[in-house]
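The structure appears right after this line, and notes come after that.
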Amino acid sequence: MEEQRYILKNCNSFEPVHIFDCGQCFRWNREEDGSYTGIFKNNVLNVKKENEDIIFEGVCDGDIEEVCKEYFDLNTDYEEIKAKLSNIDEYLKNSIEYGKGIRILNQDLWETIISFIISANNNIPRIKGIIERKSKKYGNKIIYKGKNYYTFPDMNSLGKASVEDLRALGLGFRDKRIYETTRMFLDKEITLEELENEKDTDTLREKLITLSGVGGKVADCIMLFSLKKFDVFPIDVWVRRVMNELYIKEDDENKVSKTLIQNLAKEKYNDLAGLAQQYLFYWKRDA
DNA sequence: GCGCAGGGGGTCG
DNA sequence: CGACCCCCTGCG
164 MEEQRYILKN
174 CNSFEPVHIF
184 DCGQCFRWNR
194 EEDGSYTGIF
204 KNNVLNVKKE
214 NEDIIFEGVC
224 DGDIEEVCKE
234 YFDLNTDYEE
244 IKAKLSNIDE
254 YLKNSIEYGK
264 GIRILNQDLW
274 ETIISFIISA
284 NNNIPRIKGI
294 IERKSKKYGN
304 KIIYKGKNYY
314 TFPDMNSLGK
324 ASVEDLRALG
334 LGFRDKRIYE
344 TTRMFLDKEI
354 TLEELENEKD
364 TDTLREKLIT
374 LSGVGGKVAD
384 CIMLFSLKKF
394 DVFPIDVWVR
404 RVMNELYIKE
414 DDENKVSKTL
424 IQNLAKEKYN
434 DLAGLAQQYL
444 FYWKRDA
């Protein structure tokens, strides 16, 4: 594939570090010059901010401008979203200032499902390691600037792995979950298309939860990070902590019920809850 | 330096 | 509610 280049100008809401470090993705790595290189679908891209320009370079499956517009959600007006959220309260206003360049990537559904099943009771360095090993073994190689990159394995490739094969990648107890979920798709008990076409958030969540290894939190991440459901509010330890500290003020944050937090998020942030979650998460975890 | 607990972006039974 | 694989990290 031929190398391409695309430059995005005058974009106020685009900071590579915010985008790649706000917890939505696992396959972007920082280079020595401060740029980021990552792989998604059959594209390998390097993203660099120079002055106010965003420079995208790499090998793409298609036209780089179209690929970037889709993946980096460039048709969504984040200035408008930030303005709306900033009006809600000072906390949100501050966290948005802190993570002003966050954007929600439009990630591949299959990759997101598998990646977030792996994320359960796990830490980021290990999650990244597992995904890299898995891609190297079951994905396709793409060479960019003399380095090898491996695509995220599709369900047919991953379907060739036994539970033992998966365990060997360091998946731990998640091996069986990945195996079973892959089987469910291969056996057409459920399809990516029906998930992509499901408009109703609650129905979609119910369908996702039928997958092995997908509970409420993982389902919400899948919906927010690959199905553009900006109204969902994934609750992990950090979000629970920040919501308790800001609004609920219970002594023991673990006593705060998920339902209470969900209702609060719905009431305060409504259809932008997912975005609010990202700004708060990034701000709190970094602080 | 190295060895050893502690705990991690939850889910399941 | 407790167990769960396995590293990754941090302290001794």
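Heads up: take any position in the first sequence, counting from 1, add 163, and you land on the numbering used here. We put the beta carbon where it would ideally sit given N, CA and C, even for glycine.
Beta-bridge pairing of residue i - partner residues as DSSP gives them
i: Ile202; result: Val207
i: Ile341; result: Answer is none; Ile341 lacks a bridge partner.
i: Val222; result: Glu166 and Val207
i: Asn192; result: Thr200
i: Asp216; result: Glu213
i: Leu171; result: Ile217
Buried versus exposed, by CB contacts within 10 Å (16 or more), residue i
i: Thr422; result: exposed
i: Phe219; result: buried
i: Phe336; result: exposed
i: Ser282; result: buried
i: Arg346; result: exposed
i: Pro397; result: buried
i: Asn209; result: buried
i: Pro316; result: buried
i: Thr354; result: exposed
i: Val381; result: buried
i: Thr373; result: exposed
i: Glu242; result: exposed
i: Asn206; result: buried
i: Ala324; result: buried
i: Val400; result: exposed
i: Asp383; result: buried
i: Thr344; result: buried
i: Leu274; result: According to the sequence provided, residue 274 is Glu. The question's Leu does not apply to it. Counting Cβ neighbours within 10 Å, Glu274 comes out buried, since at least 16 surround it.
i: Ile287; result: exposed
i: Ile293; result: buried
i: Thr366; result: exposed
i: Gly201; result: buried
i: Asp271; result: buried
i: Ala436; result: buried
i: Asp216; result: exposed
i: Ser298; result: buried
i: Lys245; result: buried
i: Gly302; result: buried
i: Asp454; result: Here the chain covers residues 164 to 450 and nothing more, so residue 454 does not appear.
i: Ser258; result: buried
Among the options, the one whose alpha carbon lies nearest that of residue i
i: Leu278; options: Leu409, Gln167, Asp196 and Val377; result: Note on identity: in this sequence residue 278 is Ser, with Leu being the wrong assignment. It is Val377.
i: Tyr313; options: Asp236, Val222, Asp394 and Trp401; result: Val222
i: Lys247; options: Asp434, Lys304 and Trp446; result: Asp434
i: Phe348; options: Leu334, Thr364, Lys362 and Ser320; result: Ser320
i: Asn269; options: Leu367, Tyr432, Glu359 and Gln425; result: Glu359
i: Met318; options: Arg330, Tyr342, Ile306 and Ala331; result: Tyr342
i: Arg368; options: Leu390, Lys211 and Glu352; result: Leu390
i: Val136; options: Ile424, Lys204 and Gln167; result: With the chain running from 164 to 450 in the structure shown, residue 136 is simply not present.
i: Phe189; options: Phe203, Glu233, Ile267 and Lys291; result: Lys291
Heavy atom of the ligand ZN within 6 Å of residue i beta-carbon
i: Gly376; result: Here there are no bound small molecules, and the ligand ZN is not part of this structure.
State whether the stretch 262-280 contacts the stretch 176-183, with contact taken as three or more CB pairs (one from each stretch) at a distance under 8 Å. yes
Enumerated in chain order, which unbroken segments of the beta strand (DSSP E) with a length of 3 residues or greater are wholly contained in the stretch 239-322? 304-307 and 310-313
contact_flag[the stretch 212-231, the stretch 393-407] where n(CB pairs < 8 Å) is 3 or more: With a cut-off of 8 Å, the stretch 393-407 and the stretch 212-231 do not count as touching, because too few Cβ pairs lie within range.
Indicate whether the contact test is met: 3 or more Cβ pairs, each with one atom in the stretch 189-200 and one in the stretch 165-178, closer than 8 Å. no
Only counting runs of 3 or more residues, tell me where the beta strand (DSSP E) segments fall wholly within the stretch 353-388, in order along the chain. Runs of the beta strand (DSSP E) spanning 3 or more residues and lying entirely within the stretch 353-388 do not occur at all.
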